Each structure stands twice: as structure tokens, then as C-alpha cells.
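The numbering of the sequence shown is my numbering, which starts it at 401 and goes up by one. Shown next, in C-alpha cells, is the structure this report addresses.
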Amino acid sequence: MFKHIKSDIPASIVVFFVALPLCLGIALASGAPLFSGVIAGIVGGIVVGALSGSKIGVSGPAAGLAAIVLVAIGSLGGYENFLVAVVLAGVIQIIFGIVKAGIIGYYFPSSVIKGMLTGIGIIIILKQIPHFFGYDPDPEGDWAFFQVDGQNTFTEILDTINNISPGATLIAIIGLGILILWSNVLSKKGKLFQLIQGPVVAVVTGILYYIVTKDHNVLAISDEHMVNVPVPDDVSSFLAQFSFPNFGAITNPQIWITAFTMALVASLETLLCVEATDKLDPDKNVTPTNRELLAQGVGNIVSGLIGGLPVTQVIVRSSANIQSGGRTKLSAIIHGFLLLISVILIPTLLNMIPLSVLAAILFVVGFKLAKPSLFKKMYLLGWKQFLPFIVTVLGLVFTDMLMGILLGLAVGIGVILIKSYQNSHFLHIEDKSDGKHRIQMTLAEEVTFFNKGAILKELDSLPANTDLELNLLKTRYLDHDIIEILEDFSFKAKERNIDIRLVSKRGVVRNPTSYIDFFDDRPKSDISLS
Numbered sequence: 401m402f403k404h405i406k407s408d409i410p411a412s413i414v415v416f417f418v419a420l421p422l423c424l425g426i427a428l429a430s431g432a433p434l435f436s437g438v439i440a441g442i443v444g445g446i447v448v449g450a451l452s453g454s455k456i457g458v459s460g461p462a463a464g465l466a467a468i469v470l471v472a473i474g475s476l477g478g479y480e481n482f483l484v485a486v487v488l489a490g491v492i493q494i495i496f497g498i499v500k501a502g503i504i505g506y507y508f509p510s511s512v513i514k515g516m517l518t519g520i521g522i523i524i525i526l527k528q529i530p531h532f533f534g535y536d537p538d539p540e541g542d543w544a545f546f547q548v549d550g551q552n553t554f555t556e557i558l559d560t561i562n563n564i565s566p567g568a569t570l571i572a573i574i575g576l577g578i579l580i581l582w583s584n585v586l587s588k589k590g591k592l593f594q595l596i597q598g599p600v601v602a603v604v605t606g607i608l609y610y611i612v613t614k615d616h617n618v619l620a621i622s623d624e625h626m627v628n629v630p631v632p633d634d635v636s637s638f639l640a641q642f643s644f645p646n647f648g649a650i651t652n653p654q655i656w657i658t659a660f661t662m663a664l665v666a667s668l669e670t671l672l673c674v675e676a677t678d679k680l681d682p683d684k685n686v687t688p689t690n691r692e693l694l695a696q697g698v699g700n701i702v703s704g705l706i707g708g709l710p711v712t713q714v715i716v717r718s719s720a721n722i723q724s725g726g727r728t729k730l731s732a733i734i735h736g737f738l739l740l741i742s743v744i745l746i747p748t749l750l751n752m753i754p755l756s757v758l759a760a761i762l763f764v765v766g767f768k769l770a771k772p773s774l775f776k777k778m779y780l781l782g783w784k785q786f787l788p789f790i791v792t793v794l795g796l797v798f799t800d801m802l803m804g805i806l807l808g809l810a811v812g813i814g815v816i817l818i819k820s821y822q823n824s825h826f827l828h829i830e831d832k833s834d835g836k837h838r839i840q841m842t843l844a845e846e847v848t849f850f851n852k853g854a855i856l857k858e859l860d861s862l863p864a865n866t867d868l869e870l871n872l873l874k875t876r877y878l879d880h881d882i883i884e885i886l887e888d889f890s891f892k893a894k895e896r897n898i899d900i901r902l903v904s905k906r907g908v909v910r911n912p913t914s915y916i917d918f919f920d921d922r923p924k925s926d927i928s929l930s
């Protein structure tokens, strides 16, 4: 784990700067105490990071759960009751891991995962535009199209035009310039510029700018455009920020329903992010999904017990980690410790970081996820890849992450059904010169109920007085639904004078009296048909 520490430490600092405002913003969007988001970030980094099998994934509070949390806190009778649901959700996730439900993560099409990454990149850019220009009524971490403040992504951007803050915008532009210069020029000039990350320099510049201009009439940045970490007066007030679950409410059925809902959504988001981060990983590591569910479950139990929001693996922090050179889980763990140490020792300094500088950092993250060249690449792969990809992108931008994924997945399944319909069989008309149609129908290697429509349509369209050769020599699996279609067709064939010759590995049979009996009576060694 310490083999790549020189890469992991700078990456962890960048992830820390990305994670801090997101932890606070997601807590605000969830209607929870601000510190609960920081707790979840700390647990996601240290606890989940240590237990996870992912080398580059980063966990923390998830924007996708904000709406569920907001409703649950109100309906369950308070935050302490809600924490019981978080703990139970963790227990349920552990059960998911034990029964190996993580295999679900391997069944999302590549085009959908790429669409998810691209859509997240576009959302990051769109959502950071108001923060970049110092217009921040919507909290960081609210990624849904319809926002908690009643606006949507695009109306928020339009409102920004009339509410630009000169000071916040100036330092954001400076910060973005530093990031571009560092990435494209200075990082290639020497090891020092590779060790010290551009985002760190941008943040330090932002803090210095705030200190120098805080009394300026025009260029000063107001407090609402700054990071806002709770500042405790002493140890007792710091410890008072932790909340504990009210297990007396565990008999409330709504708590169990909320727990299962959170466990299901958090597990799906985690599995999706695991697939996405593995695709981004330059070392092409494969994350064990069941171990990830176990790690997330333990993380949610710990987070719930000490007053934190539910955690999942999150793509924004994970992608920032990868792009900053993170190589092992050490970067995720260190970022968790940085969150813990900073909120204890330097909360006042953290509150000097302009949100617009952090928006500039996220701009770069978003652009790297949604490069225009990827759209061209997916288009050139053909409509079967491009359609699920673009539907997923649009679904994410105009709804939320889970809905976008489900829409892309639905389209992907539709493409599979269409191709199954088209590829069920091959039809060859051999000869009809003497008035007798001779047709050979060769079935595919695997024929399932997906192929029913195509085969049924083909058989019904055969003309009378036809010699039909039904070739199953290459067929390894034949669904019972298809056998029933052949059984029904045998009656119609007699009426239309269609002579059927069935060619299989068992030999040639002419006009079988019963297809069901024929396939059920096959030798046990003939496992090619079912």
C-alpha cells in the first residue's frame, strides 16, 4: 500500500479539497447537520478505504441519497431516529455482500458506464458555473436537475448572469489558469511540479487572495462564497457535534423501509461507481464487488453510530483521485485523515477557501470526464453503442444519476432484444424451380424466448408446398418456448403441405410426431439442447 506513497499523498490532498465542500454541501442539501457530512467523509476515507478492495475508489456522502435523507429525517421524527436507519442499512449491505449480490455490478453495459462518466462530467461543469462566478444559493453536492432550492440546473445558470461576484470570479479565473498552466506546462518541467499538485497551489492562492482583499469594496469575497466548516470553541463543543442513534425507535416499520431503500440505492450507486472507476484506472485493477459491499456496510454502521450521513463510493472524488495520480487505497485513507485533522485543528483556515477556486478544480475534473472526443468515438462505434451512451448522458443531466443509468440500461436491453430478434436464425432458399419451395432454416447457437417473435414470424410466412430443413447442428441451447412453437407449427405444416426435415446431432428425423417428446427423450449426454 505504501509503494506509491509519493503519488498518493499529493492525490489525497486534491481529493481532500474536492471532498470538503461536497461533504458540507450534501449535508445541507439533505437537511442534516453540516458536520454529519464531514463525519461521513472521514468514515468513507478511513474505514471504507481501509476495508475496500478498490485501489482508487473514494467513498463519502452521496448526492444521490440526499433526497431520500431529506424526506427520511422529516418522516422518521428526527435525525437520531434517522441514524438508526443508517446503521440498519449498513447491516443490510453486509448481508448483500455475504450473499454475493455484488455480481450485479458486472452486468451494466460498457456504453452505459461510459455514458455515466460523461454525464457526471457535464453535470459537474454545469453545477459549478454558479459557484465559479460567486453565485451560490444552491449547495455544493446537489447534482439533481431539479434542485432543493426550487431551481433547475439551467435556470440557476441564467440567474448567475445577473449575480456575478467580481472577487470570486477573478480568483476563480486565476485558479483555473494555474491549473491549466500546471497540467499542460509545468508538470512536464520537473519532479517538483509533479509532487506539488496544481489544485494545492490554486487553493493556497485563493486563501492569500481572500486575506489580501477581505476589506476591499469590490474584490472582497463575501462569507456565503467561502467554505463553511463549523468552528467549535473547545473540545466539548467539538464533541457535541456528534449525534447518536435512538435505538428505541427500531420497532418503527418506516425505519426498516428507509434502511432497505438506502441500502439498495447506496449499493447500486457503489457498484456503478466501482465499474466506472475501474474503467478509468490506468492500471486496470478489478475491484472485488462483494468485498466492496461489505466495506460499505461497515462504513455505514460506523457512520450511523457517530452521527454521519450514509456513505457510498462516489465518482467525483474517485475520478479526482485518479486524475491526480492516486495509485493505491492509501490516498483515500489519507484524505479521510486530512478531513479529520483539518476540522479539528484548522477550521478557521478552511473557511478562508473560496468556493469559486474549488469550482475551478471541479471544472477540470468534469472536462476530463466529458471530453468531446469521447462523443465522436462512441458515435463511430455504431448506433448499438452510441444510443445507450447518449440516453444515459441525457438522463443524468436532466434527472439524476440512478434514473439516467436506468434509462441507459433500458435502451441497452432494448438493443439486445432487437439483435436477438434479428440473429435467431439464418434462412436460405435453395431451390424453387419445380414449383416446390426448398428452404433451409439454420437456428443460432443459443435460441431463447427472446427469439420467439422472429422464428414464429418466419414459420408463419412459409408458403404452402414447402420442403423445410430445420438445421440444429450448431444449436447448443434451445429454449422450451421455441420447442412449443415448433410443436404448434407441426399441425399447421400438415394443413399447408409443408414437409419438415429436422437435422440435429442425433441424426435426421422427418416430420416428428411430437417435438416436445423428441427433445425430452434425448440422451442425457446430448446436453446441447434444452
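All residues carry an ideal CB built from backbone N, CA and C; glycine is no exception. As the structure is a computational prediction, the values presented were derived from the model and not from experiment.
- Message: What does the alpha-carbon distance come out to for the pair K784 and G812?
- Response: In the sequence shown, the residue the question calls residue 784 occupies position 384. In the sequence shown, the residue the question calls residue 812 occupies position 412. Rounded to whole angstroms, K784 to G812 spans 8 Å at the Cα level.
- Strand pairing of Y877, partner residues [DSSP]: Your numbering for residue 877 matches position 477 in the sequence shown. Under the DSSP definition of a beta bridge, Y877 partners with E846.
- Endpoints, beta strand (DSSP E) assigned at T866: In the sequence shown, counting from the first residue as 1, residue 866 sits at position 466. Start and end: T866 to N871.
- Indicate the three-state DSSP secondary structure (helix, strand or coil) for G907 in the structure shown. By 1-based counting over the sequence shown, the position of residue 907 is 507. Reduced to three states, the DSSP call for G907 is strand.
- Item | Beta-carbon proximity list for G725, same chain, < 6 Å, skipping 5 on both sides | Sequence index remark: in the sequence shown, residue 725 carries index 325 (1-based). Excluding residues within five positions, the ones whose Cβ falls inside 6 Å are S407 and A411.
- Query: Should E669 go down as buried or exposed, given a rule of 16 or more other Cβ atoms within 10 Å for buried?
  - Reply: The residue given as residue 669 occupies position 269 in the sequence shown. Buried, since its Cβ has 16 or more Cβ neighbours within 10 Å.
- N700 vs G490 beta-carbon contact at 8 Å: Counting from 1 along the sequence shown, the entry for residue 700 is found at position 300. Counting from 1 along the sequence shown, the entry for residue 490 is found at position 90. Cβ distance < 8 Å, so N700 and G490 count as in contact.
- Item | Classification of I927 by the beta-carbon crowding that lies within 10 angstroms, buried from 16 upward | Your numbering for residue 927 matches position 527 in the sequence shown. Per-residue confidence for I927 stands at a pLDDT of 38, beneath the threshold of 50, marking its modelled position as unreliable; the derived number appears in the next sentence. Of the other Cβ atoms in all chains shown, fewer than 16 fall within 10 Å of the Cβ of I927; this residue is therefore exposed.
- Message: I'd like to know if the stretch 653-663 and the stretch 678-685 are in contact, where contact means that at least 3 CB-CB pairs between them fall below 8 Å.
- Response: Counting Cβ pairs under 8 Å, fewer than three are found: no touch.
- Could you say if the stretch 490-501 and the stretch 690-700 meet the contact criterion of at least three C-beta pairs nearer than 8 Å? By the criterion of at least three beta-carbon pairs nearer than 8 Å, the stretch 490-501 is in contact with the stretch 690-700.
- Item | Rounded separation between L579 and I503 - CA only | Here residue 579 corresponds to residue number 179 of the sequence shown, with the count starting at 1. Here residue 503 corresponds to residue number 103 of the sequence shown, with the count starting at 1. If I take the Cα positions, the gap works out to 39 Å.
- Task: With distances taken Cα to Cα, identify the nearest neighbour of K403 among S731, E887 and L856.
- Result: Position 3 of the sequence shown, counted from the first residue, corresponds to residue 403. Looking only at S731, E887 and L856, the smallest Cα-Cα distance to K403 is reached by S731.
- Message: How far does the alpha helix (DSSP H) with V743 in it extend, from its first residue to its last?
- Response: For the purposes of this step, residue 743 is identified with residue 343 of the sequence shown, where counting begins at 1. L730 to L745 is the extent of the alpha helix (DSSP H) around V743.
- Query: Under 8 Å, do I529 and V793 count as touching if we go by C-beta distance?
  - Reply: The residue given as residue 529 occupies position 129 in the sequence shown. The residue given as residue 793 occupies position 393 in the sequence shown. No, the Cβ-Cβ distance between I529 and V793 is not below 8 Å.
- Message: Can you give me the C-alpha to C-alpha distance between T560 and G704, rounded to a whole angstrom?
- Response: Numbered from its first residue, the sequence shown carries residue 560 at position 160. Numbered from its first residue, the sequence shown carries residue 704 at position 304. Distance between T560 and G704, taken at the CA atoms: about 37 Å.
- Task: Please report the residue range of the beta strand (DSSP E) in which P461 lies.
- Result: Your numbering for residue 461 matches position 61 in the sequence shown. P461 -> beta strand (DSSP E) spans S459 to P461.
- Message: Please classify P923 as buried or exposed, where buried requires at least 16 other C-beta atoms within 10 Å of its C-beta.
- Response: Counting from 1 along the sequence shown, the entry for residue 923 is found at position 523. In this prediction, P923 scores a pLDDT of 48, lower than 50, which makes its location untrustworthy; no coordinate-derived value is stated.
- Quick one: which unbroken alpha helix (DSSP H) runs of 4-plus residues sit fully inside the stretch 589-652? Chain order, please. Entirely contained in the stretch 589-652, the alpha helix (DSSP H) runs reaching 4 residues are, in chain order, 591-595, 598-613 and 635-639.
- Query: Just checking, does the stretch 636-648 make contact with the stretch 421-430 on the three C-beta pairs under 8 Å criterion?
  - Reply: The way I'd put it, the stretch 636-648 doesn't touch the stretch 421-430; fewer than three beta-carbon pairs between them come closer than 8 Å.
- Applying the criterion that 16 or more other CB atoms from any shown protein chain within 10 Å of the CB defines a buried residue, is A720 buried or exposed? As a position in the sequence shown, residue 720 is number 320, starting the count at 1. Per the 10 Å Cβ criterion, buried.
- Task: Assign S925 to buried or exposed, taking buried as 16 or more other Cβ atoms, counted over all protein chains shown, within 10 Å of its Cβ.
- Result: Along the sequence shown, read from residue 1 onward, the residue named residue 925 stands at position 525. Residue placement at S925 is flagged as unreliable, the pLDDT there being 41, under the threshold of 50; a coordinate-derived value is accordingly withheld.
- Counted within 10 angstroms of its Cβ, other Cβ atoms place K455 as buried (16 or more) or exposed: Locating residue 455 in the sequence shown gives position 55, counting from the first residue. Its Cβ being crowded by 16 or more others within 10 Å, K455 is buried.
- Residue from K892, L740 and T613 with nearest C-alpha to S861: As a working mapping, residue 861 is identified with position 461 in the sequence shown. The residue with the shortest Cα to Cα distance from S861 is K892.
- List the residues that DSSP assigns as beta-bridge partners of V711. By one-based count along the sequence shown, residue 711 stands at place 311. Per DSSP, P461.
- Query: What's the call for K591, buried or exposed, on a 16-neighbour Cβ count within 10 Å?
  - Reply: The count along the sequence shown starts at 1 and reaches residue 591 at position 191. Under this definition K591 is an exposed residue.
- Message: Helix, strand or coil, according to DSSP, for M752 in the structure here?
- Response: Translated into the one-based positions of the sequence shown, residue 752 becomes position 352. Assignment of M752 by DSSP, reduced to helix, strand and coil, places it in the coil class.
- Alpha-carbon spacing of L420 relative to L749, whole angstroms: For the purposes of this step, residue 420 is taken as the residue at position 20 of the sequence shown. For the purposes of this step, residue 749 is taken as the residue at position 349 of the sequence shown. L749 has its alpha-carbon roughly 13 Å from the corresponding atom of L420.
- Below 7 Å CB to CB, which residues in the same chain sit around V484 once its five sequence neighbours on both sides are set aside? As a first step, residue 484 must be located in the sequence shown, where it is residue number 84. Listed in chain order, the non-local C-beta contacts of V484 below 7 Å within the same chain comprise P645, N646, F647, A649, I650 and I655, local neighbours out to five positions each way being set aside.
- Message: Could you tell me the alpha carbon to alpha carbon distance between F554 and I524, rounded to whole angstroms?
- Response: Numbered from 1 along the sequence shown, position 154 holds the residue referred to as residue 554. Numbered from 1 along the sequence shown, position 124 holds the residue referred to as residue 524. Their Cα atoms are separated by approximately 13 Å.
- Hey, Y479 and A440 are a contact pair by Cβ (cut 8 Å); roughly how many whole angstroms apart? The residue labelled residue 479 in the question sits at position 79 within the sequence shown. The residue labelled residue 440 in the question sits at position 40 within the sequence shown. Separation of the CB atoms of Y479 and A440 is rounded to 13 Å, and the pair is thereby denied contact status at 8 Å.
- Can you tell me whether DSSP reads L781 as helix, strand or coil? For the purposes of this step, residue 781 is taken as the residue at position 381 of the sequence shown. Of the three classes helix, strand and coil, the one that applies to L781 here is coil, per DSSP.
- Query: Does the distance from the C-beta atom of N865 to that of T842 stay below 8 Å?
  - Reply: The residue labelled residue 865 in the question sits at position 465 within the sequence shown. The residue labelled residue 842 in the question sits at position 442 within the sequence shown. Between N865 and T842, the C-beta spacing is not below 8 Å.
- Contact check, V373 vs I413, beta carbons under 8 Å: Absent from the structure is residue 373, since the part of the chain shown begins at 401 and ends at 930.
- Message: Please state whether the Cβ-Cβ distance between G457 and T689 is less than 8 Å.
- Response: Residue numbering aside, residue 457 sits at position 57 when the sequence shown is read from its first letter. Residue numbering aside, residue 689 sits at position 289 when the sequence shown is read from its first letter. No, the Cβ-Cβ distance between G457 and T689 is not below 8 Å.
- Local conformation of D917 per DSSP, three classes: Here residue 917 is taken as the residue at index 517 of the sequence shown, counted from 1. D917: helix per DSSP, three-state reduction.
- Message: Three or more C-beta pairs under 8 Å: does that hold for the stretch 753-768 against the stretch 600-620?
- Response: By the Cβ rule, the stretch 753-768 counts as touching the stretch 600-620, because three or more pairs are nearer than 8 Å.
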